[in-house]
Amino acid sequence: MHRAHLTHLLLGACALAMLGCKGEPPIDAYTEKKILILGNSTEPQGLDPQIVTGVIESNIIRALFEGLCVEHPSKQGVHLPGAAEHWQANDDFTEWTFHLRRDGKWSDGTPVSAEDFLFSYQRILHPDFGADYASMLYYILGAEAYNKGETTDFSTVGVSAPDAYTLKVKLKASIPFLPDLTKHYTWYPVPKHIILKHGKMQQRNTPWTEPENLVSNGAFMLKDWRLNDYIHAVRNPHYWDKQTVKLNGIRFLPISNQYTEARMFFNQQLHATYGLAPEMIEYAANKYSQYLRQETYLGTNFIRFNVTDPLLDDLRVRKALALSIDSQAIITHILKGGQKPAYGMVPPTDDYQTPKAVSFDPVRAKELLEQAGYGGNNKLRITLLSTDREVSKRLSEAYQDMWKKHLGAEVSIEQREWKTYLSRMSGLDYQLALGGWIGDYPDPTTFLDMWKTGDGNNRTGWSNKDYEALLAKAEQTKDPEARLRILELAEALFLSEMPIIPVYWYTTNYLLHTAVKGWHPLLLNNHPYKFVDLELLQK
Amino acid sequence: MIRTVISRLLQGIVVVFCLLLITFMLVRLMPGDPFSGEKAHAAHIIEKNKARFHLDKSNTEQFIVYLGLLARGELGDSPVKEQPVSKIIRHSFPASLVLGIAGMIIAILIGIPAGILSALKKNSYIDYSTMVIAMAGISIPSFVIAPLLAGQVATRIPFLKVAGWGDPLDWLLPALTLGLATAAYLARITRGGMLEVLNQDYIRTAHAKGVHPAVVVTKHAIRGGIIPAIAYIGPAFAMLITGSFIIETIFQVPGMGQHFVNATKDRDYFLLQGVVILFGTLIVFANLAADIVLAMLNPRIRA
């Protein structure tokens, strides 16, 4: 009798197990339904394009909203029409006219008008709104003054709408890369009629971004948002280019643990991971090379010098430290992600030639340090501020070892958690600090403007009037080619004073399922989802 | 009994208040603020945002404002997530509750029988092996067990996923990870409690009177023997519900545990305070429940 009970129990357990068994990998079911499942690192800060500031949020917002121009799925620097059907600039790129498409609609069917853009730009720049990324619109004439509260008259800002489908933008300088800027979420339109329905223009944290309220103008619209679980977007039936859209939905999963994310991918639960831990890159390359993607990414990793520190105000010391870092060894043995050794701040492109300022030269490094008065018993003793992130720990230890080996320097590593690290760096309470920068748009200024005096991202204490004069000159230069040559000069000047050591140029390493089509390498990894498709593989 | 409950509740309020006050002050002593990020924001924007959350005021003023919020039944808004803290907790709590309950069921189902068996077979191979396994369960951290279960078990069983929180089968591995350590503690505590009871005179008397050994254990020994385990289960249950950062991140569980760590890292003052109030309250109630159950099992405590 007891045995019979036990048998029934076991059979019951097996039946339960079989119910859970789908018979095919979960990803195939999603592929069949054309629902793209993406790992997206962490829970987003929010979904209001004018409040958020990160890449994670950008990945979701790009599916929901559309700017004036859209990224080409495979060709960098090619601008496709988005909310704007076409556009033109004046000769010196200071005045732009965007002609909005008449079939552009919000996901509730309301037309997208120039008024929505004016409202959006006023909202993000309104001083009471406190948008962290308002500075992305400072290229517009009068925008900075309005944002800083120097004037309350929005008509002083260089945006206007002569009619419902024309948007004019007046810039404070020559900006030939404005179409690139309009692809950034800070330039996206937000629905005036929905925002005002749920609160005031400058009011934050209203329920307009809740799934039942959020209205967007992109290829997809928000369907469901389960905190720390997933965000699900579905096709927008009112999208102007809906015939191009191939997917029925996108699900973003906030998977903060990269090992969990990789396990989920290999277990056929994801179409793409957000990233890949260095230890997993080698494993993936050996066992799953068909999934591994290693692509150039618009970012630079570097070490900051606090040039106000008496020890580091000597250029020879800074150069000695720079010349004794073997970037290639770091890439080969620590990062393993196909990064490129950096010899400047701006990652080189076809149009822009980055000045070559740094290369591994330990002999010259030692000479420079000796000239600065160090050597023998007078060892160089410095501290390196680092974070508690795994890669940062390893990088710090590698630098410490290289400086000891090539310069005999005694380096103490100060490992601090993220906010303490930022606070110490901003207060110039350090000697050397790890750093990195991801470009917001593909133009050298996204890497060069930050070194201006008083810029919050400078964090080195370095300041140079000639450098700023060159940047100002570039702003006023009409010819795009000549402008880039001036920016190269500015970077050369910056690197000659070496307030940073460029170490490597970033790559993105991630796993992409072979069922995903129309997903091509892009410098900013900002894939336009409307061109992405899913195809079930033949077995 | 009612008097004891009321007294414990009042003590609980004081405990939670002290906990909140300490958290409130400590989190503000940490360098940085909720608005600092890798890309620095303009000073005037940071000032605006600080003012929105009254973070431009002194700590005392901030605390008074916060108490005012609590009096209105609000926990404030998260300055990092731009959402009401109550909403964040409301969304995360169900997953933690389910995981906590499942973990506790596993812990009780494994821990208590193992402890009883160990005590009954004292100094035998069964006893030694059970206790070795229990010691291993206590010693091996969840960040070792969880990836092992995910990588070696889930990948071999087709109906299990390595991570995710969709259907009830997804609860199994995180609950097992969570429950195993508690089971190990429970086994050791139950064994100790049972051994003490089994040496009592009334048990010897029962044996001498010829009562069946199984009846002696089930009717007389267990009631007294599991009292230490019950005392442990209360707070342990609260700890299981409050979640585990490691288990949640490894198994991708949308629970509460990650808020503790992330809110501290992000200087998300309001979320951290809200989570501390919730966890404090849960622990107070879990202890109270354990006390009530103990009083019901042991008449001497009631007196």
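Residue numbers (the numbering used here), protein chains in the order written: chain A, 212 to 750; chain B, 5 to 307.
Heads up, the beta-carbon is just placed ideally off N, CA and C, and yes, glycines get one too.
None of the values given here were measured: they were computed from a predicted structure.
Residue range of the alpha helix (DSSP H) that W614 of chain A falls in?
Numbered from 1 along the first sequence, position 403 holds the residue referred to as residue 614 of chain A. Element bounds for W614 of chain A: 601 to 618.
State the Cα-Cα distance for the pair T507 of chain A and A553 of chain A, rounded to the nearest angstrom.
Counting from 1 along the first sequence, the entry for residue 507 of chain A is found at position 296. Counting from 1 along the first sequence, the entry for residue 553 of chain A is found at position 342. C-alpha separation (whole angstroms): 13 Å.
Is the region 33 to 49 of chain B close to the region 631 to 641 of chain A, with three or more CB pairs under 8 Å?
Because the criterion of three Cβ pairs below 8 Å is met, the region 33 to 49 of chain B and the region 631 to 641 of chain A touch.
Is R218 of chain B near A118 of chain B, with beta carbons less than 7 Å apart?
One-based indexing of the second sequence puts residue 218 of chain B at position 214. One-based indexing of the second sequence puts residue 118 of chain B at position 114. Residue identity differs from the one stated: residue 218 of chain B is Ala in this sequence, not Arg. Going by C-beta atoms, A218 of chain B is not nearer than 7 Å to A118 of chain B.
Against chain A, with Cβ distances strictly below 7 Å, would H95 of chain B count as a contact?
Residue numbering aside, residue 95 of chain B sits at position 91 when the second sequence is read from its first letter. For H95 of chain B, the answer is yes, since a Cβ of chain A falls inside 7 Å of its Cβ.
Using a Cβ-Cβ cut-off of less than 8 Å, list which residues of the region 620 to 642 of chain A approach chain B; keep chain order.
Within the region 620 to 642 of chain A, the qualifying residues are E628, W629, K630, T631, L633, S634, R635, S637.
Please list the partners that S40 of chain B has in chain A, where partner means a Cβ-to-Cβ separation under 8 Å.
Along the second sequence, one-based indexing puts residue 40 of chain B at 36. Ordered by position in chain A, the residues that pass the 8 Å Cβ test against S40 of chain B are K630, L633, S634, S637.
DSSP state of A224 of chain A, grouped into three classes?
Position 13 of the first sequence, counted from the start, is the residue given in the question as residue 224 of chain A. Note on A224 of chain A: pLDDT 46, under 50, position unreliable in the model; no value is reported.
Distance, Cα to Cα, Y129 of chain B vs Y470 of chain A?
In the second sequence, residue 129 of chain B corresponds to position 125, counting from 1. In the first sequence, residue 470 of chain A corresponds to position 259, counting from 1. Those two C-alpha atoms are separated by around 39 Å.
Taking DSSP as the reference, what is the three-state secondary structure of K233 of chain A?
For the purposes of this step, residue 233 of chain A is taken as the residue at position 22 of the first sequence. Here the model assigns K233 of chain A a pLDDT of 43, short of 50, so the residue's position is not dependable, and the following value carries that caveat. Note: K233 of chain A maps to coil in three-state DSSP.
Considering only the alpha carbon of each residue, which of A:D677, A:L618, A:M491, A:R627 lies closest to T664 of chain A?
Translated into the one-based positions of the first sequence, residue 664 of chain A becomes position 453. Ranking the options by Cα distance to T664 of chain A, first place goes to A:D677.
Drop a sphere of 10 angstroms on the beta-carbon of K233 of chain A, count the other beta-carbons inside from all chains shown, and report buried for 16 or more, exposed for fewer.
As a position in the first sequence, residue 233 of chain A is number 22, starting the count at 1. Model confidence at K233 of chain A stands at a pLDDT of 43, short of 50, so the residue's coordinates are unreliable and nothing is read from them.
For L113 of chain B and S603 of chain A, I'd like the C-alpha separation in whole angstroms.
Position 109 of the second sequence, counted from the first residue, corresponds to residue 113 of chain B. Position 392 of the first sequence, counted from the first residue, corresponds to residue 603 of chain A. Computed Cα separation, rounded: 44 Å.
Please report the straight-line C-alpha distance between R160 of chain B and H216 of chain B, rounded to a whole angstrom.
As a working mapping, residue 160 of chain B is identified with position 156 in the second sequence. As a working mapping, residue 216 of chain B is identified with position 212 in the second sequence. Each residue's alpha carbon lies about 45 Å from the other.
Mind pulling the chain A residues with CB within less than 8 Å of K61 of chain B?
Residue numbering aside, residue 61 of chain B sits at position 57 when the second sequence is read from its first letter. Here the premise fails: no neighbours, minimum Cβ distance about 17 Å.
Could you check whether L153 of chain B and L177 of chain B sit closer than 7 Å to each other, using their CB atoms as the reference points?
Translated into the one-based positions of the second sequence, residue 177 of chain B becomes position 173. Translated into the one-based positions of the second sequence, residue 153 of chain B becomes position 149. Yes; because the gap between Cβ atoms is below 7 Å, this pair is in contact.
Given I287 of chain B, which residues of its chain have a CB within under 7 Å of its CB, disregarding the five upstream and five downstream residues?
The residue you call residue 287 of chain B lines up with position 283 of the second sequence. So the qualifying residues of the chain are P239, A242.
Ignoring anything shorter than 4 residues, give me the alpha helix (DSSP H) runs that lie fully in the region 139 to 217 of chain B, in order along the chain.
Counting only runs of 4 or more, we get 146 to 152, 176 to 202, 205 to 212.
Would you call the CB atoms of S467 of chain A and T631 of chain A closer than 7 Å?
In the first sequence, the residue the question calls residue 467 of chain A occupies position 256. In the first sequence, the residue the question calls residue 631 of chain A occupies position 420. Contact: no.
P338 of chain A touches chain B at which residues, Cβ-Cβ below 9 Å?
What you label residue 338 of chain A is simply residue 127 of the first sequence in a count that begins at 1. In chain order: H48, I49, K52.
Distance, Cα to Cα, L222 of chain A vs L244 of chain B?
Reading the first sequence from its first residue, position 11 is the one you call residue 222 of chain A. Reading the second sequence from its first residue, position 240 is the one you call residue 244 of chain B. Low local confidence applies: a pLDDT of 44 at L222 of chain A is under 50, so the model's placement there is unreliable, and no value is given.
Helix, strand or coil for N512 of chain A? Go by DSSP, reduced to three states.
One-based indexing of the first sequence puts residue 512 of chain A at position 301. Here N512 of chain A sits in strand by DSSP.
For G16 of chain B, name the three-state secondary structure that DSSP assigns.
For the purposes of this step, residue 16 of chain B is identified with residue 12 of the second sequence, where counting begins at 1. Three-state DSSP puts G16 of chain B in a helix.
What residues of chain A sit near W169 of chain B, judged by a beta carbon separation below 8 Å?
To locate residue 169 of chain B, count along the second sequence from 1; it is residue 165. By Cβ distance, chain A contributes D440.
If we ignore side chains and look at the alpha-carbon of each, how far apart do G646 of chain A and M709 of chain A end up?
By one-based count along the first sequence, residue 646 of chain A stands at place 435. By one-based count along the first sequence, residue 709 of chain A stands at place 498. When rounded, the distance between both Cα atoms is 14 Å.
Mind checking the region 475 to 488 of chain A against chain B and listing, in chain order, the residues whose C-beta falls within less than 7 Å of any C-beta there?
Answer set for the region 475 to 488 of chain A: M475, N478, Q480.
For V622 of chain A, name the three-state secondary structure that DSSP assigns.
In the first sequence, counting from the first residue as 1, residue 622 of chain A sits at position 411. In this structure, V622 of chain A counts as strand in the three-state DSSP scheme.
Give me the DSSP bridge partner(s) of I248 of chain A.
What you label residue 248 of chain A is simply residue 37 of the first sequence in a count that begins at 1. Answer is A:R462.
Could you name the residues of chain B that K457 of chain A contacts, counting a contact when the two beta carbons are closer than 9 Å?
The sequence position of residue 457 of chain A within the first sequence is 246, counting from 1. The premise fails here: K457 of chain A is roughly 25 Å from chain B at the closest Cβ pair, so nothing lies under 9 Å.
Compare the C-alpha of Q277 of chain B against each of B:T8, B:V31, B:A233, B:L13 and name the closest.
Within the second sequence, residue 277 of chain B is the residue found at index 273, counting from 1. Answer by Cα proximity: B:V31.
Taking a contact to mean a Cβ-Cβ separation below 7 Å, would you say M29 of chain B touches A123 of chain B in this structure?
Counted from its first residue, the second sequence places residue 29 of chain B at position 25. Counted from its first residue, the second sequence places residue 123 of chain B at position 119. Contact flag unset, no.
When you compare the CB positions of N459 of chain A and R474 of chain A, do they come within less than 7 Å of one another, or not?
Counted from its first residue, the first sequence places residue 459 of chain A at position 248. Counted from its first residue, the first sequence places residue 474 of chain A at position 263. In this structure, R474 of chain A does not lie closer than 7 Å to N459 of chain A by Cβ.
For P284 of chain A, which of A:D744, A:P739, A:L348 has the nearest alpha-carbon?
Within the first sequence, residue 284 of chain A is the residue found at index 73, counting from 1. That would be A:P739, whose Cα lies nearest to the Cα of P284 of chain A.
From this set, A:L546, A:K590, A:L659, which residue's C-alpha is nearest G555 of chain A's C-alpha?
The count along the first sequence starts at 1 and reaches residue 555 of chain A at position 344. Among A:L546, A:K590, A:L659, the Cα nearest to that of G555 of chain A is on A:L659.
Does any residue of chain B have a CB that is nearer than 7 Å to the CB of K663 of chain A?
Looking up residue 663 of chain A in the first sequence gives position 452. No - not a single Cβ of chain B is within 7 Å of the one on K663 of chain A.
Measuring alpha carbon to alpha carbon, tell me which residue in A:P400, A:Y399, A:T417 is nearest L407 of chain A.
Counting from 1 along the first sequence, the entry for residue 407 of chain A is found at position 196. Comparing Cα positions, the closest option is A:T417.
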